[in-house]
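Notes for the one structure printed next.
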Amino acid sequence: MSEIATMNVKDQFLSTFGVQDFHFDTAASKAARDEATKRIEGLDFPTSKTEYWKYTRINRILKAEYTIAESAANIDITPFLIKGMENNILVFVNGFYRSDLSTITDQKGVIACPLSEAKKKHAKLFASYFSKKVPVDEIFANINTAFHQDGAFIHIEKKQKADHPIHIINLIDGDQIITNPRNLIIGEAFSEGKVVTSYHNLNGRKSFTNAVNECFAAENSFLEFNKLQEENGTSFHIATDQVQQEKSGNFTINTFTFNGDIVRNNLNIAVAGENGYTSLNGFYLPKAKQLVDNHTRVDHLVPHCESHELYRGVIDDKATAVFNGKVMVHRDAQKTNAFQANNNVLLSDDATINSKPELEIYADDVKCSHGSTVGQLDEEAIFYLKARGLSEDSAIRLLLNAFAADVLQHIGIETFRQLIEEKIETGLKK
Amino acid sequence: MIKIENLHASIDGQPILKGINLEVKPGEVHAIMGPNGSGKSTLASVLAGREEYEITEGSVTFEGKDLLELGAEDRAREGIFLAFQYPVEIPGVSNINFLKTAINEIRKYKGEEPMPAKDFLKRVKEKSALVELDNSLASRSVNEGFSGGEKKRNEIFQMAMLDPKLSILDETDSGLDIDALRIVANGVNKLKSADNASIVITHYQRLLDYIVPDFVHVLYNGKIIKSGPKELALELEEKGYDWLKKEEALEV
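The listed protein sequences derive, respectively, from chains A and B.
Start counting the first sequence at 14; every next residue gets the next number (this note's numbering).
Start counting the second sequence at 1160; every next residue gets the next number (this note's numbering).
In structure tokens, the structure reads:
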């Protein structure tokens, strides 16, 4: 009986996607969709018994009804712009590319265009990278591959530096909108670039964003990928961030979560070339009854690499945060340096954090550490600041900003860092 | 400036202060001495507005205002400064940043405009020199990784920056070597004026060689049992507290 019930939920959920028009598809794209569709048949949605999804109940996501709807609305995008990045933006509304809202400053050796366009125009690149590393056993990632509408395609040529950071803006217009945004970011050998992808709701309730971000960082590339999740308090967001990092590369990913009913990030980084440096950071600020779940996995496959992970969160009201960070040091990955830390501040008695740092080490000559802390704000410190004339609010904000600062220092785009600082400041104001 | 009358305070139902009377006028330096556990630090905490203590009786008037009605931040804004016995380390919060916020919140309370950045930096430079505090310490995280002496000097630096009317120094001398003590005391002396006052709480007479008090009070068992001129400190140094304890016992 329960099996039939599960199947019904799945079928019903998938039936939403039947109406899409993928006229722009190429053979390679179609083949990827077909393979993913076939895999979905054999996969079920996770339940609370699925260890990987233990703390994140997705029933509410699955049982809601969704629509796929293009929006031609006249939208003012200025509230979502980041200072200094206005001339390199790709805008998607409800998952559909809006050329009228986008602006790209041409630069030789740098491609930034919608994925739907890249499929034909850059068919060879698309075919060699698209969906090559996305986990085959994750149903949400497969759903994205099978039914994605569009997303950003960013390619930086060998030895090129993208002069300006690129901003991908994802907007939701309307109620119960579902999107499968798909970004593909490729940095060739010795290239350099910075990308921000941000998610916002213009209006509407109960949207579901099922995102996949694929990043390929070739030999000695320097890439920074920033995610800003601030949809509204009724929205759902599940993301798969898949990173493949080659020799001597330097890759940074920063994830900032400010809003969302349920937000789940699955970040997987394969450190596949020697002498790589990987930095993965996050800051989350759930409130009300929101849930933010960050699952990260770093696979050290080869020797002489270094990874640094720092996730911090401030959890208020009845919100819940989950951190599960796995660092896997494979047998051949000698001389790995892997450091992981997760620190949490609970602002209310009803706030919850489930933190699970995991290290699995199969090599015998490595330096690894992990740690997790949960605490309240230091009352002594608050009194000390008040005794100098600061209000309780200022004292708390000063302490929390200091707490966030260690994460924010990993942002390489100054104006984006300032924006995140402001958002933390606003997010902390009651 | 401040008038403490029959002040009783307790913590967790345990009475600590049992009727303190003390008046401090502008320009005066009062030393409060006494054996361990007599209530010296409690008095400092109560005046600064620490909330763990319950005031069961008595009053404190500061510049005509009922001090006990004010929160810790408003007491600071009115001009009370507590130099902590154990300054708190606050990682990630820069000394300078927090002092700028403090000064501007105090000015806002008084209805004044924020201090111009130029004036602020000038004051930082001037006041850090006063306590021989390295410039880099001034811009580092509050007390983080500071030595004991540096922490105490930082307290006096903050005091100089905020320019309070009444400073309460809670065992600022304990744990200091002679050089650090000299620097701290020198800072306090230079900040002394006809308009401000200090209450210096100490366990040792040594500090009073450097900061010369106008009055010395002996706190014992939650009460001031003796007050006198600065010579009283020397007498205490010589004779200890036992003779006073006996006197007190006889009176009771």
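We put the CB at the ideal spot given by N, CA and C, even for glycine.
Put simply, of A:GLY326, A:VAL22 and A:PHE264 the residue whose alpha carbon is nearest the alpha carbon of GLU319 of chain A is A:PHE264.
Rounded to the nearest angstrom, the gap between the Cα atoms of GLU1303 of chain B and THR91 of chain A is 41 Å.
Residues of chain A whose Cβ lies closer than 8 Å to the Cβ of GLU1264 of chain B are, in chain order, GLY402, LEU403, SER404 and SER407. Around the CB of TYR65 of chain A, fewer than 16 other CB atoms lie within 10 Å, so the residue is classed as exposed. Selection A:CYS228, A:ASN233 and A:THR80 evaluated against PHE203 of chain A yields A:ASN233 as nearest (Cα-Cα).
Secondary structure of PRO316 of chain A (DSSP, three-state): coil. The DSSP-derived three-state label of MET1320 of chain B is helix.
Residue environment for HIS308 of chain A: buried (at least 16 other C-beta atoms within 10 angstroms of its C-beta). Under the 8 Å criterion on CB atoms, LEU411 of chain A is classed as interfacial with respect to chain B. In terms of Cα proximity to GLU1314 of chain B, the closest of B:ILE1342, B:ILE1337, B:ILE1191 and B:ASP1336 is B:ILE1342.
Around the Cβ of HIS36 of chain A, a 10 Å sphere holds fewer than 16 other Cβ atoms; the residue is exposed.
In this structure, the alpha-carbon of MET341 of chain A lies about 38 Å from that of GLN189 of chain A. Listed along chain A is no residue with a C-beta nearer than 8 Å to that of GLN1244 of chain B; the closest approach is about 12 Å. Judged by DSSP secondary structure, ASN281 of chain A falls within the beta strand (DSSP E) whose first and last residues are 275-284. DSSP, reduced to helix, strand and coil, places TYR1363 of chain B outside both helices and strands of the structure shown, so it counts as coil. The residues PRO1273 and MET1274, in chain order, have a CB closer than 8 Å to that of ASN1263 of chain B in the same chain once the five nearest residues on each side in sequence are set aside.
Close partners of ALA175 of chain A in chain B (Cβ separation under 7 Å) are lacking, with about 32 Å as the shortest Cβ gap. Straight across, the Cα-Cα distance linking ASN337 of chain A with GLN257 of chain A is about 20 Å.
Per DSSP, the continuous beta strand (DSSP E) segment holding ARG195 of chain A begins and ends at 195-200.
Under the 8 Å criterion on CB atoms, THR1260 of chain B is classed as interfacial with respect to chain A. The DSSP-derived three-state label of LEU304 of chain A is strand.
Nearest to GLN347 of chain A by C-alpha distance, out of A:TYR290, A:ASP363 and A:ASP378, is A:ASP378. The beta carbons of ASN294 of chain A and GLY187 of chain A sit no closer together than 8 Å. Here the C-alpha atom of ASN155 of chain A lies approximately 7 Å from the C-alpha atom of ARG52 of chain A.
DSSP places ASN1355 of chain B in no alpha helix (DSSP H); its state is neither H nor E. Boundaries of the alpha helix (DSSP H) around ILE1265 of chain B: 1254-1268. DSSP lists A:ILE117 as the bridge partner or partners of ASN101 of chain A. Pairing SER385 of chain A with SER368 of chain A gives a Cβ-Cβ distance under 8 Å.
Residue contact with chain A for ILE1249 of chain B: present (Cβ-Cβ distance below 8 Å to some residue of chain A). In the three-state DSSP reduction, ASP419 of chain A falls in the helix class (H, G or I).
With a threshold of 8 Å between beta carbons, PHE1257 of chain B makes contact with chain A. Contact with chain A is found for VAL1252 of chain B, since one of that chain's Cβ atoms lies less than 8 Å from the residue's Cβ.
Between the stretch 357-375 of chain A and the stretch 1184-1203 of chain B there are fewer than three C-beta pairs closer than 8 Å, too few to call the two in contact. With a minimum length of 3 residues, the unbroken runs of beta strand (DSSP E) contained wholly in the stretch 1166-1227 of chain B fall at 1173-1183, 1188-1192 and 1213-1221. Per DSSP, TYR297 of chain A is one residue of the beta strand (DSSP E) stretching across 290-297.
Here SER28 of chain A is exposed. Its C-beta has fewer than 16 other C-beta atoms within 10 Å.
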